[in-house]
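Heads up: the sequence shown begins at 595 in my numbering, then just goes up one per residue. Every residue gets a Cβ at the ideal spot worked out from N, C-alpha and C, and that includes glycine. Take a look at the structure below.
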Amino acid sequence: MNIGIFGANGRMGRRLVEVVLNDHESKLSGAYVRIGSSFIGIDAGDLAGSGQCGVRCEPFEKAQASNIDAMIDFTLPETLSTHLSWCVENKVALVIGTTGLTAEQHHQISEAGKSIPVLWAANFSIGVNVMLSLVRQAARVLESVADIEIIEAHHRHKLDAPSGTAMAIGEAIAGELNRDLTKCAIYGREGIEDPRQRETIGFSTIRGGDIVGEHTALFACEGERLEITHKASTRLTFASGAVNVAKWLKNQRAGSYTMHDYVKSRLG
């Protein structure tokens, strides 16, 4: 299984390189960075702290589709369109972990799915995807008695807020309750406000230090509260998940897939 990585110099890119190099079913066939990057020419294995692997970081424009079965993209929203176009043109499966995307960009992913297998996820942790099932169940049971809040924390360098995973949790809860998240979400509070409305879903964002990722769905009732929490201690969790998804995705027909599709396939 030949895997190429967009943004191999990034925090997640380096962890993806590390995972691929240590996975006996995968081969690192390309490590790509932006034009003019100071990382061009550096061995990707050295960059990931895994020792030289013989694959040097190259500008994306030098990607050779003949050597790649699937690409993995954890870069920035502004590069997504270019990466999608390249994968569609070259018939290469694409795994996307970039967050902070617009509705138009999600539409572009769906359109790409007409030509290639593509999977976008806010989080590639199996634990987080189990959490999404749990919060749906809790929301269904506690809808009439709980105020629902989502609290997330990440490292100081993370740009989008709330995180893609926090938004996925909110969408899961809102969908279960037949609510429109764009209308019921509250992103932070300040000053003197009207009393909280039951139908709203609140989001609180923390940014600091080197926090990898923590998410809590809080169901606050009178006299008790339920908290469903997931904490990640290493980015390798997400990188391993993305690589496993890439190995699965390359054998799928063209389509726009989700982590639910992947998890369901693993369960037989």
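{"Asked": "Write down the C-beta distance between Thr823 and Thr810 rounded to the nearest angstrom, noting that I regard them as a contact closer than 8 Å.", "Found": "4 Å"}
{"Asked": "Quick check on the burial criterion: 16 or more other C-beta atoms within 10 angstroms. Buried or exposed for Ser827?", "Found": "exposed"}
{"Asked": "Buried or exposed for Ser834, please, with buried defined as at least 16 other CB atoms from any protein chain shown within 10 angstroms of its CB.", "Found": "buried"}
{"Asked": "On the criterion of 16 or more Cβ atoms from any shown chain inside 10 Å, does Gly721 qualify as buried, or is it exposed?", "Found": "exposed"}
{"Asked": "Buried or exposed for Ile710, please, with buried defined as at least 16 other CB atoms from any protein chain shown within 10 angstroms of its CB.", "Found": "buried"}
{"Asked": "With 16 as the cutoff for other CB atoms within 10 Å, does Pro756 come out buried or exposed?", "Found": "buried"}
{"Asked": "In angstroms, rounded to a whole number, what distance separates the CA positions of Ser719 and Met665?", "Found": "18 Å"}
{"Asked": "Do Phe813 and Leu713 have their beta-carbon atoms positioned less than 8 Å apart in this structure?", "Found": "no"}
{"Asked": "Would you list the residues sitting across from Ala687 in a DSSP beta bridge?", "Found": "Ala664"}
{"Asked": "Going by alpha carbons, who is nearest to Arg605 out of Arg734, Ala706, Met595 and Leu641?", "Found": "Leu641"}
{"Asked": "Comparing C-alpha positions only, which one of Thr794, Thr673, Arg829 and Ala732 sits nearest to Glu808?", "Found": "Arg829"}
{"Asked": "From this set, Asn684, Ile703 and Ser679, which residue's C-alpha is nearest Thr692's C-alpha?", "Found": "Ile703"}
{"Asked": "If contacts are defined as beta-carbon pairs under 8 Å, then Val689 and Ala840 qualify, I think. What distance do you get, rounded to the angstrom?", "Found": "5 Å"}
{"Asked": "Cβ of Phe797 within 8 Å of Cβ of Ile786?", "Found": "no"}
{"Asked": "Using 8 Å as the cut-off, can you tell me whether the region 671–684 makes contact with the region 634–652, which would need three or more C-beta pairs spanning the two stretches below that distance?", "Found": "no"}
{"Asked": "Mind checking Ile800: buried by the 16 CB within 10 Å criterion, or exposed?", "Found": "exposed"}
{"Asked": "Which residues does DSSP pair with Lys621 in a beta bridge?", "Found": "Asn596"}
{"Asked": "What are the boundary residues of the alpha helix (DSSP H) that Leu713 is part of?", "Found": "Per DSSP, Leu713 belongs to no alpha helix (DSSP H); it is in the beta strand (DSSP E), Pro711 to Trp714."}
{"Asked": "Which residue comes first and which comes last in the beta strand (DSSP E) that contains Cys778?", "Found": "No beta strand (DSSP E) contains Cys778, which is instead part of the alpha helix (DSSP H) from Leu775 to Cys778."}
{"Asked": "From Lys777 to Val613, what distance separates their C-alpha atoms?", "Found": "40 Å"}
{"Asked": "Apart from the five residues on each side of it in sequence, which residues of its chain come closer than 7 Å, Cβ to Cβ, to Gly645?", "Found": "Gly639"}
{"Asked": "Alpha carbon to alpha carbon, what distance is there between Cys815 and Ala836?", "Found": "36 Å"}
{"Asked": "Roughly how far, in whole angstroms, is the beta-carbon of Ser631 from the beta-carbon of Asn603, given that I think they are within contact range, below 8 Å?", "Found": "7 Å"}
{"Asked": "Helix, strand or coil for Ser820 per DSSP?", "Found": "In the sequence on display, residue 820 carries Leu and not Ser. DSSP places Leu820 in strand when its eight states are reduced to three."}
{"Asked": "Under a Cβ-count criterion, where at least 16 other Cβ atoms within 10 Å of its own Cβ denotes burial, should Arg783 be classed as buried or exposed?", "Found": "exposed"}
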